[in-house]
Each structure stands twice: as structure tokens, then as C-alpha cells.
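For the sequence shown, the positions run -18 to -1, 1 to 637 when mature numbering (1 follows the signal peptide of the UniProt record, and there is no 0) is used.
Using N, Cα and C, we set each Cβ at its ideal position, and we do this for glycine too.
Note sheet for the following structure.
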Amino acid sequence: MKIVLMLCSFLFIQIGNAQVFYAGVQPDKAKIGKEKNNIDVQNNVLKLTVEHNQNDVNFDITDLQLGKDILIQAKDVFQLSMEDGSHLYAKDFELNGAPNIQNALGKKSILFHYLNKRNAVSVTQNISLKDSDNFIRINYLIHSEWKKIANFQTMKIARQYQPNTIGLVDGSPLFSSNIFFTIENPMFTIDTLSGSQLELIAPSDSIDNKNFSVDVVFGVCPEQQIRRGFLYYLERSRARKYAPFLHYNSWFDLSYNADTLKESDCLDRMQYWIDSLVVKRKIRLDGFLWDSGWDDFTKLWNYNSYFPRGFSRMAAYGKKYNAAMGVWISPWGGYDDAVVLRKKNAKIYHAELETNENGFTLAGSHYYHYFLNTANRFIGQDNVHIFKFDGVGAGLKATGPGAEFKQDIESFLHIIHDLRSKQPNTYFSLTVGTWPSPMWLKFGDNIWRGGDDMGMMGDGNNRQKWMNYRDAVTYKNIVKKAPLYPLNAVMNHGITIATKGLPSKLENDLTNLTDDFWTFFANGTSLQEMYVNPHLLDGKAWDSLANTIHWAQKNKGVLIDSHWYGGDPANGDIYGYASWNPKLGILLLRNPSNKIKSTTLDLQSIFEIPINLQSNFTCFDVRKNKVIGREQGGKMDTITLQPYEVLVLEFRPQK
């Protein structure tokens, strides 16, 4: 096997627990300067010139590396549409005083205050750039004394700049060459109907549509680095920095359909997991998440009688090993018979709680506060650090909120924001009802890949068919629909070894389990769910699981970059996950078919390595624990995979 790739100088930036690579010239320090009516805020890669003349404020955005700029005239900077059908453009406002320039350490800002006296509407525009950022954020604070705001339009980009959306769902970013534009809300849309322009549109705040705050961002990506450049922005902006959260989940094991969870069974699972993984194998376990079944269907979102002390006893035990509690709660009230029972009993005990066709609705003020208070109780009393919020808005096929569920999703975002403000490091797993807008990560930590919890597809035994299904749905719903949504933030439904539901039909021999372990952990997702009955694993299976977890934890600084390689598992194509930074490249390959298949690996393309960089690689087979190639050449030789083979390769730069 011949492996060669030419690479040269490189830099990477460490963020939190992971390393996000930014190619070429680094953004470095933010700067601000003023000359006459022009204010420049810039760094090494991005520049915004704000020209203000009387009541007009024009934007000139420049990609300093590619030498491209976009001019946005004053009338196109922002616009308000009111619920009565009227419109207010930026030109309809007066500047209320001179711009306020703030030259703080590490952050440069410009504040403009706009006022429309006739309609009693004020707008504060805060333009800011931080050190090392490849983007500028504009925060708008809008207050309307009389009229309600329907939506906010901004950044009208003329067609001459060839703007295009990357993604098929609401909340997908707009690009012009390597300059990107986004609103930090997964519900924003892009108007492509106007003949000469595209514009970003943010919905108003359903809870308070006379006071409105919105963050608008534009930034730049290095040449041929759109995915990684946008990921760099995301990782510097997301609500909680990327960090894997390894935990047990009771679904398919103790929880399934109408099963009732019991404290004694939960403690048994905790003790077995902690002994097997934490004590004996020195693996950190972040928590235990109790799925559907912990509650009493007759007392909405209150513990059933088998938890006389709530989660307090389990929480105390977990704290000894730094393992937090987690809980499943459904904004809808669950699914199938469970939601019917919860709604039926709520009519007796909580008649004021609002419902819709899917179950309960957060758009109703009573249920909104009931749900929020429930979640706050878990944080305050039971050491809950991970929430699984399951079922909201339009449900499985959502590509946006839709008009019917707009307020539902808006309320959902408010709840997450409120909870995170109280406990910032809380992990929020946002499942059914989400869609692959990268802007969900401004609120939660992951979204659902779509499809059924589990399924089977294609060739192989049942566990191989399950892997085919899991990854084919990810490819269809995430990779194809939202190329810039990071695979490090997708709920894939984890490792499943249990006696209920579909997992009861899956093979649990060491070979198949180990394939499953590697295909899951090498995808880089931070949501590391273990739907595993610990009593079903023998010592060798525990060793294999621990080995894979340890490898993933050691390489999280690379796996943050995880992106798709290859074709469609549904068609039997070789596929996998690639991730890279200048210290290491990781490539998982899987053949999902019953036929021997081959592929030729172009490492420059697979790892999206920046142009004009040079290095030689040693290729290391992780599962066989040996070097399998060390040559110079440019492209790797053709590689052949046996039916269902899973290959994990590390590409280590030679010194």
C-alpha cells in the first residue's frame, strides 16, 4: 500500500477540548480605525468598512485573502416587516447620535442607534469582531412601542455577487464565493424570489414580538476550505464547545414503550457500568440518562412511585464517580399510547395545559412554564447535566418550523437558552422535530439524524444491516441535505446491545460488536449513547468497547473535523468518516455489501488538506496495531475491502 501526500507549513488553533484547523493566514488580532466618515474593523482575513453619512450606513465587506468584496447599500442593511403589513427600511431611521467605537482588549465594536420617531421603533446595531475570529457578528436589538414585528430582513446580497445557499433546509448559510452569511437561529430563511437580490430573513420573537434580538454573522473561509472554515466559525460560536459526552441510556434495556423504570434497576445498571468501565478499565463515564418510563403517566412529568426520592439516591452515587444524571422529556408528551395517556390524565389534573395535533405544545404559555419548571427542577435537585428533548414542532420530516409550529420552536429555543443560562455546561440532545441547520448548535449540542430509532437495510446479518441503515439515513438526511452541518453533532442512536425491541434481534458476538463500536466512535459525534444492558457483555466485549472509547477520547481533537467519505451505504457503496488536522488524519472505511469492493484514496481530497502544503505520511492500521504503508507518491494505491470489513486508518505525518 503506497501512501504519499505533499504538505507544507501549517497552523492550528486549539479551542476548548478540541483542535480546529484554520488554513493559511491566521485571523489574529482584531483592529479598529476611523477616518472621516469611514470606520474599519478588521483582522488579517476579513475587513468591514462602515461608511456612515447622515442617516445612511453602508457596508463594504472584504475577503482580504481572495481580494473579493461585497457592497451592501444602506437601504439593504436591514428592514422590518410589521404584522399590520407595513415595512420600515434602514433609510426610514435617523441615526440617534454618533457611532460609539469600543476598542476593548480582544474585541472591537461599533454601536449605532437608529430611531424612527413616527412609528416609535428603535434599533441598536452592535458590530463586533473578536481576536482570532474569521467572522463579524452584528447584534440587533429592536423595540417597537406600538406595532408588532412580523420578521426582520437583512444583508440583501445583489445577484452580481452570485450568492447561493448551501443546504436544503431552513437555517442554511448563504455564500458568495468564500464569504458566508447566516442568522444565528435555525428558523431563518433566505428569500430567493426577488429578481436582483437574496436576503436573510429572521422570524420575530413569538413570545415578545415588540422586543426582538437577532444575531447576524458574516465571515470568510480560506480558499478551498469552505466546510472547515465554516466549522471553525461554528466551533467558536456554538453554545457549548465540542466535547464528547459518554453515557448509558436506559431505552431498549430498562425503558421500552410502556415499561416503568425502577430505582433498584437503575442503580443496578449504574453499579455494573461503573465497575466494568470506570473502575476496572479506567474509562471516564459522563452520565446516566433515564429515558421514558421514569414518570407517572397520571402526574405529568413527575416521578413514578418507584422513585420515592426522585433521582437523588442515583445522583449521589453517580457523583462519587463524576457521572451526572440525564433525563428524557418530550415536549409533545411522548409517542403513541404514552402521549395519549399523558394527555388524558392532564385533562383531569392540569386542564390548563395546551395541546395540538402532536401532543402538548410549548406555544401555550401554561405548558411552556410547566415544562420549563420541570427541567429547572431536574437541574436544581437531581444533578441533571444532560437533557434528551424528544418530540417538538412538526416532527420527523421537518425541514424548518413551518408556519403552524413557528411559535412551538421559538418557545423551545427560549427554554433551552433559559436553562443553559442557569447551567452553561448542560448537554442538550435535541431529537425529533429538529432539522440539520448548523444554527441549532447556538442552542443545543446535537440534532436527530432523522428516520426511525433503528432499522435494517441491505446485505449482511442483522447487526450489519443495522449499521447500513443507521449510516444510510445519516447520509440521506444530513450529508446530502446539509453539507455544512457537522457530523460531530448528530444523534445516530449509539451502541445498542439489549433485550427489547430491534436490538434483541442483533448479533452480539465479538466480531460484529467490535465493527459496530468502531463505526460509531469514529464518526466523531459528541453524543456517545450506550443503549447497552451491561449484563450482556463479557470481559472481551468490555475490553473491546473500552479500547474503542479510549481511542476516541484520545483523538477527539481530530474527530471534531469528522466529515463524510465515499458513497451511499443504501447502494452498497464503500463509505466512511474522515477527519484531519496537521497532527493526524483518521479515516474509517466500511464495505456494507456482501461483495469484495475496492476504492482508490486521494488523501488530499479525502482530508480536504489545504493546497500548497507538504508532508509524507505513515499509514497505521488501528485495529491491527501495525504500520501498513510508508511511501512517497501523491495518491494512495487502490485499497480492497472484504464484505462488511471495517478498516480504521491513521495517517501520521513523518518527521
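Tell me the DSSP bridge mates of Ile556? Ile556 pairs with nothing; no bridge assigned.
Note down the Cα distance separating Thr413 from Ser186, rounded to an integer number of angstroms. 24 Å
Inspect the beta-carbon positions of Ile83 and Lys192 and report whether they are closer than 8 Å. no
On the criterion of 16 or more Cβ atoms from any shown chain inside 10 Å, does Ile593 qualify as buried, or is it exposed? Around the beta carbon of Ile593, fewer than 16 other beta carbons sit within 10 angstroms, so the residue counts as exposed.
Who are the near neighbours of Met439 in its chain, counting only those whose CB is closer than 8 Å to its CB and skipping five residues on each side? Correct list, in chain order: Lys447, Asn450, Tyr451, Ala454, Pro551 and Ala552.
Look up Glu392 in the DSSP assignment and say whether it is helix, strand or coil. DSSP places Glu392 in helix when its eight states are reduced to three.
In angstroms, rounded to a whole number, what distance separates the CA positions of Ala385 and Met169? 11 Å
Ordered along the chain, which non-local residues of its own chain (more than five positions away) have a Cβ less than 7 Å from that of Ala240? Asp319 and Ala320
Tyr513 bridges to which residues according to DSSP? Beta-bridge pairing by DSSP links Tyr513 to Thr478.
Spatial neighbours of Lys29 within its chain, please: CB distance less than 7 Å, with the 5 preceding and 5 following residues excluded, ordered by chain position. Asp22, Thr44 and Leu46
From which residue to which residue does the alpha helix (DSSP H) around Tyr349 run? Ser347 to Asp364
With burial defined as no fewer than 16 other Cβ atoms inside 10 Å of the residue's Cβ, what is the status of Gly615: buried or exposed? Because the pLDDT of Gly615 is 43, which lies under 50, any placement of that residue in the model is unreliable, and the number read from its coordinates should be weighed accordingly. By the neighbour-count criterion, in which a residue is buried when 16 or more other Cβ atoms sit within 10 angstroms of its Cβ, Gly615 is exposed.
Residue of Ala132, Phe94, Gln8 and Tyr547 minimising C-alpha distance to residue 658: Because residue 658 is not part of the residues shown, which for the chain are -18 to 637, the question remains open.
Is the region 54 to 61 touching the region 137 to 150 in the sense that three or more CB pairs, one from each, lie closer than 8 Å? Contact holds between the region 137 to 150 and the region 54 to 61, because three or more Cβ pairs, one in each stretch, are under 8 Å apart.
Considering Gln61, what are the terminal residues of the beta strand (DSSP E) in which it resides? In this chain, the beta strand (DSSP E) harbouring Gln61 covers Phe60 to Met64.
Inside the region 71 to 124 only - beta strand (DSSP E) runs reaching at least 3 residues: Every beta strand (DSSP E) stretch that sits fully inside the region 71 to 124 and reaches 3 residues is listed by chain position as 82 to 86, 89 to 98 and 103 to 112.
Please classify residue 664: does DSSP put it in a helix, a strand, or coil? Outside the shown range of the chain, which is -18 to 637, sits residue 664, and nothing can be said about it.
Among Asn459, Ser561 and Ile610, nearest to Ala149 - alpha-carbon criterion: The identity of residue 149 in the sequence shown is Gly, whereas the question assumes Ala. It is Asn459.
Buried or exposed for Ser403, going by 16 or more other Cβ atoms inside 10 Å? exposed
What did DSSP end up calling Phe(-9) once you bin it into helix, strand or coil? Note that Phe(-9) scores a pLDDT of 40, beneath 50, so its modelled location is shaky; the value from the coordinates is reported in the next line. Coil.
Starting from Gln8, follow the beta strand (DSSP E) in both directions and report where the run begins and ends. Run containing Gln8: none; DSSP gives neither H nor E here.
Alpha carbon to alpha carbon, what distance is there between Arg291 and Ile189? 35 Å
In this structure, how does DSSP classify Phe279 when only helix, strand and coil are distinguished? coil
Element boundaries [alpha helix (DSSP H), containing Thr620]: Note, Thr620: premise wrong, no alpha helix (DSSP H); beta strand (DSSP E) at Thr620 to Leu623.
Taking the C-alpha atoms as reference points, what is the distance between Leu323 and Trp310? 17 Å
By Cβ distance below 6 Å, which residues in the same chain neighbour Glu124 in space, the five residues on each side in sequence not counted? Residue 124 is actually Ile in this sequence, not Glu. If we look at Ile124 and ignore the five residues flanking it on each side, its Cβ neighbours are Val105 and Phe194.
For the pair the region 573 to 583 and the region 553 to 565, tell me if three or more CB-CB distances fall below 8 Å. Yes: the two stretches touch, three or more of their Cβ pairs being nearer than 8 Å.
Start-to-end residues for the beta strand (DSSP E) that takes in Tyr547: His545 to Gly548
Three-state class that DSSP yields for Leu492 in the structure shown: helix
Below 8 Å on the Cβ atoms is my contact criterion, and I expect Leu228 with Asp268 to pass it. Report the Cβ-Cβ distance as a whole number of Å. 5 Å
Thr136: first and last residue of the uninterrupted beta strand (DSSP E) it sits in: Ile131 to Ala140
Could you check where the beta strand (DSSP E) with Ser580 kicks off and where it finishes? Lys579 to Thr582
Pull up the distance between the alpha-carbon of Trp562 and that of Val540, whole angstroms please. Here the alpha carbons of Val540 and Trp562 stand approximately 6 Å from one another.
Which of the three DSSP states, helix, strand or coil, is assigned to Trp255? Residue state, collapsed to three classes: helix.
Of the residues Leu282, Ala380, Lys301 and Trp533, which one's Cα is nearest the Cα of Arg431? Ala380
State the Cα-Cα distance for the pair Val604 and Leu571, rounded to the nearest angstrom. 12 Å
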